[in-house]
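Below: one structure, written as structure tokens.
2 protein chains.
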Amino acid sequence: MEKLKIALLGLGNVGSGVYKILTTNKKIIEKRSGYEIEVAKILVRNKNKKRNVDVDSSLITTNFEDILNDDEISIVVELIGGENPAKDYILKSLEKKKHIVTANKLLMAKCGTEIFKKAQEIGCVHVCYEASVAGGIPIIQGINEALTGNKIQQVIGILNGTTNYILSEMDTKGMSFEAALKDAKAKGYAEADPTSDIEGFDAVYKLDILTALCFNKKVADDKIFREGITKISKCDIELAKEFGYKIKLLAIGKINDGKLEISVHPAMIPTDHPLANVNGSYNAIMIKGDAVGDLMFYGKGAGDLPTGSAVVGDIISVAKNLNNKPNCLDLFDENDDEILKDFGDSVAEYYLRMNVLDTPGTLAEITSLFALNKISILSLIQRGNRTDGKTDIIFMTHKTKEKSIRSFVKAFENLTDKFKVENIIRIENLD
Amino acid sequence: MEKLKIALLGLGNVGSGVYKILTTNKKIIEKRSGYEIEVAKILVRNKNKKRNVDVDSSLITTNFEDILNDDEISIVVELIGGENPAKDYILKSLEKKKHIVTANKLLMAKCGTEIFKKAQEIGCVHVCYEASVAGGIPIIQGINEALTGNKIQQVIGILNGTTNYILSEMDTKGMSFEAALKDAKAKGYAEADPTSDIEGFDAVYKLDILTALCFNKKVADDKIFREGITKISKCDIELAKEFGYKIKLLAIGKINDGKLEISVHPAMIPTDHPLANVNGSYNAIMIKGDAVGDLMFYGKGAGDLPTGSAVVGDIISVAKNLNNKPNCLDLFDENDDEILKDFGDSVAEYYLRMNVLDTPGTLAEITSLFALNKISILSLIQRGNRTDGKTDIIFMTHKTKEKSIRSFVKAFENLTDKFKVENIIRIENLD
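Residue numbers (full-length UniProt numbering), protein chains in the order written: chain A, 1 to 431; chain B, 1 to 431.
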């Protein structure tokens with residue numbers, strides 16, 4: 001059997017997973033790819049670091065040039081993450097006509113267009129990035145291949161396992177956000193610096209890639225509306241439950257009249273919706289196509305082996321198509337932020353939890369402000385206590401524009417410094 | 001833009017859907033496939049039949065030779081269904097180096113090996129069949145491409161929309177099987193002769209294809225254990241609910257020590273399992289891979305547009321790879337029924353509902369028979385009535401072999417002709 005030599009850039013969590021799968025499933029991978037796939041070199045930063053996997057030390061190098069200049073290496077598998085030096089390595093590898101497999105969401109979101117352009121210029125090189133979105137779930141292939149007959153109207157995903165784990169723990173165990181985050185760190189679901197996950201950046205990169213594929217429109221990742229989960233409290237989750245909702249961090253992309261509405265934010269969704277039952281560190285993506293209708297993909301969105309599964313799937317796909325013309329290198333357009341709908345014009349129902357002085361006329365004052373901003377109230381709960389003279393009021397609104405809510409909040413908080421909107425959560429009925 | 005001419009065999013439900021999608025989404029299909037795809041001819045049996053779609057009558061032919069001998073037609077899209085003449089048309093088209101797209105599950109299950117062999121012999125022809133399993137859900141591509149790095153251990157599916165619709169209606173509206181079937185016929189979810197659906201044949205064909213792909217082992221479809229849903233009563237569904245289960249028609253494929261366990265039968269599954277919440281005519285498939293873990297695909301398993309979506313996806317895929325070497329033609333082995341595990345040796349928990357004479361010693365007699373067959377009882381409900389001297393007893397067993405249950409039933413029904421097992425349903429805890 002012919003050998004196919006590949007190099008791994010990075011031997012962290014995902015790198016170790018890829019190496020394990022290639023070793024453990026060597027036989028079936030040979031049968032399915034038609035090649036004996038050999039990891040010929042592995043780039044690491046520190047040769048002496050302890051690894052999760054036993055690797056022959058002769059494969060390890062700290063010098064990228066060793067890989068770049070090895071003409072026998074056909075595929076470079078980039079698992080370093082981040083923008084640089086990953087991008088530099090990929091562009092140089094393409095110049096040498098090496099195929100690319102990457103799991104790098106940040107890079108594909110920020111520089112995918114540039115990378116595809118280079119690949120097209122070189123010709124006859126494949127660039128695969130299934131693992132960059134939702135780990136082991138084959139969503140990129142699904143959109144790029146099976147769904148190409150559809151006008152895709154909407155994509156909604158739970159794309160970040162860390163935040164979904166935290167929200168699930170808060171929901172099922174009644175934990176506070178801080179306690180659930182601590183638990184997620186202890187279990188390895190959250191990183192030491194969890195900012196990228198809990199503030200929604202990770203989900204934004206993934207959504208940016210998905211919308212580029214679904215709608216053939218690309219926008220800059222930092223133009224996407226983003227709100228993390230740090231303000232979600234135990235009491236929001238309990239109130240959501242009372243109203244028949246669960247709180248999830250959703251990544252939403254919609255197209256209407258050529259305008260894109262893209263956002264990542266926590267949302268209340270009906271408890272009986274399939275996405276509401278995606279728990280723990282699982283991911284799911286729901287796509288609505290004009291022909292296929294609603295389609296959902298569900299699975300593990302992170303972890304060494306699930307993400308490794310997607311990477312190895314890509315390696316095998318490149319192997320099977322080694323001498324074939326690449327057929328999906330033109331899918332990311334240049335960034336075109338003009339097509340982004342102003343998020344202030346987006347419409348949803350809203351949940352507002354506020355804490356106010358429990359004095360005569362307060363409710364009248366608030367409801368007048370709602371009226372002034374043309375916001376119509378659907379439900380209202382007031383739960384006072386007799387001790388501190390303050391009371392929690394929860395409003396659920398009818399459909400209204402984001403900018404009306406913002407204008408209401410501004411006016412409301414100007415009334416007195418004792419009035420505070422504790423939290424605002426969008427309600428997505430997903431119908 | 002270069003034209004790519006295709007022919008449709010059949011203009012029924014799916015054929016009309018395919019034609020509609022190709023027409024409505026012409027622009028995006030051109031962009032994605034790189035070709036102007038033109039339906040050049042359509043084979044029908046009856047030229048005068050009323051259609052769901054407006055088609056230029058000059059395209060219509062009743063003579064397959066018109067298509068076969070048109071060298072400009074590159075892709076033949078078979079949407080007739082059934083074994084013959086579909087197989088004959090496909091083999092002849094392959095001889096003429098035409099690519100094949102088919103939605104024919106029966107044919108792929110029964111003759112897939114033969115068709116692939118012919119394609120391999122001819123060389124440079126693609127055979128695509130995404131629409132043959134689970135309509136618009138891209139499950140075949142998922143297994144064939146993204147999951148190739150995995151040893152797949154298990155595939156469990158709700159593969160038949162008709163039966164799932166019937167069971168959902170019985171569950172949510174408390175309908176009898178007969179009433180729900182009638183309703184399904186009225187709404188177009190069930191055919192005039194519903195045998196293939198309600199007796200599980202349709203699900204067997206689909207499962208046969210899935211297991212061939214998941215495990216690289218092919219068995220004859222008529223060797224697969226099959227049980228339909230006709231014996232499921234309202235009272236079984238209510239009792240299942242009491243125990244925390246829903247009843248679904250499951251298609252199950254597992255591999256253990258090189259032996260395949262494949263079956264289609266109704267099963268009780270825990271209400272909080274993702275498959276339990278697949279309602280109406282939706283389909284879902286859950287796959288367990290050694291690397292990827294649990295993965296679920298969910299969507300519409302039938303209908304003109306969802307199935308058409310998969311067919312058009314295949315047409316575009318062939319277009320994009322027109323001059324590429326086909327890379328997945330060797331996946332169906334010859335039938336090898338030796339690897340099938342005897343279904344009598346399969347193990348499950350069981351639900352048994354029986355109707356017996358309410359006389360002293362009856363329960364003792366039954367429980368002794370259980371003991372004799374080494375079946376251990378998990379739960380028991382007896383609900384007598386005082387009028388007819390008979391009583392319903394429901395047993396839930398611990399894990400036991402199918403053949404022990406069969407031996408119990410035989411002995412039990414031999415006791416007296418007044419003793420009858422009304423229904424037996426396997427319980428799958430899916431852990």
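Cβ coordinates follow ideal geometry from the N, Cα and C atoms, glycine included.
Quantities reported herein were computed from a predicted structural model and do not represent experimental measurements.
In chain A, which residues lie with their C-beta within 8 Å of the C-beta of residue i?
i, result
"B:Gly244", "Result: empty, since nearest Cβ-Cβ is about 16 Å, beyond 8 Å."
"B:Glu130", "Ala146"
"B:Lys117", "Those do not exist, as B:Lys117 stays about 17 Å from chain A at its closest Cβ, beyond 8 Å."
"B:Arg32", "Thr148"
In chain A, which residues lie with their C-beta within 9 Å of the C-beta of residue i?
i, result
"B:Gln141", "Pro138, Gln141, Gly142, Glu145, Ala146"
"B:Val312", "Thr148, Gly149, Asn150, Ala291"
"B:Asp294", "Tyr282, Tyr298, Gly299, Lys300"
"B:Ile21", "Gly149, Asn150, Asp290, Ala291"
With DSSP as the reference, please indicate the residues paired to residue i in a beta bridge.
i, result
"B:Val278", "In DSSP, B:Val278 forms no bridge with anything."
"B:Phe297", "A:Phe297, B:Ile285"
"A:His99", "A:Ile75"
"B:Phe395", "B:Leu352, B:Leu380"
"B:Asn386", "Note that residue 386 of chain B corresponds to Arg in the displayed sequence, not to Asn. In the DSSP output, where bridge partners are listed per residue, B:Arg386 has none listed."
"B:Cys214", "According to DSSP, which records beta bridges pairwise, B:Cys214 is partnered with nothing at all."
"A:Glu36", "A:Lys3"
"A:Ile60", "A:Ile42"
"A:Leu340", "A:Leu260"
I want to verify the contact list: residues of chain B whose CB lies under 9 Å from the CB of residue i, in sequence order.
i, result
"A:Ile29", "Thr148, Gly149"
"A:Met1", "What A:Met1 touches in chain B: nothing, since even the nearest Cβ is about 14 Å away."
"A:Asn321", "Asn321, Asn324, Lys325, Asn327"
"A:Pro274", "Pro274, Asn277, Val278, Tyr298"
Can you tell me which of the options puts its alpha carbon nearest to the alpha carbon of residue i?
i, options, result
"A:Leu250", "A:Met286, A:Ser233, A:Asp221, A:Asp222", "A:Met286"
"B:Cys124", "B:Glu238, B:Glu145, B:Leu94, B:Leu79", "B:Leu94"
"B:Val76", "B:His273, B:Ile37, B:Asp208", "B:Ile37"
"A:Ser58", "A:Phe64, A:Lys47, A:Asn52, A:Leu68", "A:Lys47"
"B:Ile28", "A:Gly149, A:Gly12, A:Asn13", "A:Gly149"
"B:Asp294", "A:Gly303, A:Lys288, A:Thr400", "A:Gly303"
"A:Ile60", "A:Leu260, A:Asn423, A:Gly12", "A:Gly12"
"A:Lys401", "A:Phe343, A:Leu415, A:Gly188, A:Ala40", "A:Phe343"
"B:Gly308", "B:Ala40, B:Val127, B:Val133", "B:Val133"
"A:Leu430", "A:Tyr89, A:Lys41, A:Lys254, A:Lys117", "A:Lys254"
"B:Gly81", "B:Ile73, B:Leu68, B:Ala291, B:Arg45", "B:Arg45"
"B:Asp208", "B:Val219, B:Glu199, B:Val356, B:Ala7", "B:Val219"
"B:Gly188", "B:Tyr165, B:Pro85, B:Met170", "B:Tyr165"
"A:Asn283", "A:Leu239, A:Leu167, A:Ser346, A:Glu2", "A:Leu167"
"A:Gly313", "A:Gly136, A:Met268, A:Ile67, A:Glu114", "A:Gly136"
"B:Glu338", "B:Asn373, B:Ile262, B:Pro270", "B:Ile262"
So residue i contacts chain B; which residues on that side make the cut at Cβ distance below 7 Å?
i, result
"A:Phe297", "Phe297"
"A:Gly308", "Ala291"
"A:Leu430", "Within 7 Å Cβ-Cβ: nothing; A:Leu430 doesn't reach chain B, min ~14 Å."
If the cut is a Cβ gap below 8 Å, which residues of chain B does residue i touch?
i, result
"A:Asn25", "Gly149, Asn150, Lys151, Asp290, Ala291"
"A:Leu213", "Under the 8 Å cutoff, chain B gives no residues; its nearest Cβ is about 11 Å from A:Leu213."
Which bits of chain C does residue i rub up against, with CB to CB less than 8 Å?
i, result
"A:Ser376", "Judged by its chain identifiers, the structure shown contains no chain C, and its protein chains are A and B."
Residues of chain A with CB under 7 Å from residue i, in chain order?
i, result
"B:Lys47", "Here the premise fails: no neighbours, minimum Cβ distance about 27 Å."
"B:Ser168", "The premise fails here: B:Ser168 is roughly 13 Å from chain A at the closest Cβ pair, so nothing lies under 7 Å."
"B:Ser317", "Glu145"
Give the secondary structure of residue i by DSSP, where H, G and I count as helix, E and B as strand, and everything else as coil.
i, result
"A:Val53", "coil"
"B:Gly157", "strand"
"B:Cys111", "helix"
"A:Asn335", "strand"
"A:Asn144", "helix"
"A:Leu11", "coil"
"B:Leu329", "Caution applies to B:Leu329, whose pLDDT of 49 falls short of 50 and renders its modelled position unreliable; the value that the coordinates give is listed next. Note: B:Leu329 maps to coil in three-state DSSP."
"B:Ile425", "strand"
"B:Thr400", "strand"
"B:Pro306", "helix"
"A:Lys31", "helix"
"A:Lys151", "coil"
"A:Val311", "helix"
"A:Lys420", "strand"
**Message:** Extract the residue ranges of the alpha helix (DSSP H) inside the segment 164 to 193 of chain A, only unbroken runs of 4 or more that lie entirely within it.
**Reply:** 177 to 186
**Prompt:** Which runs of the beta strand (DSSP E), 3 residues or longer, sit entirely within the segment 222 to 268 of chain A?
**Reply:** 245 to 256
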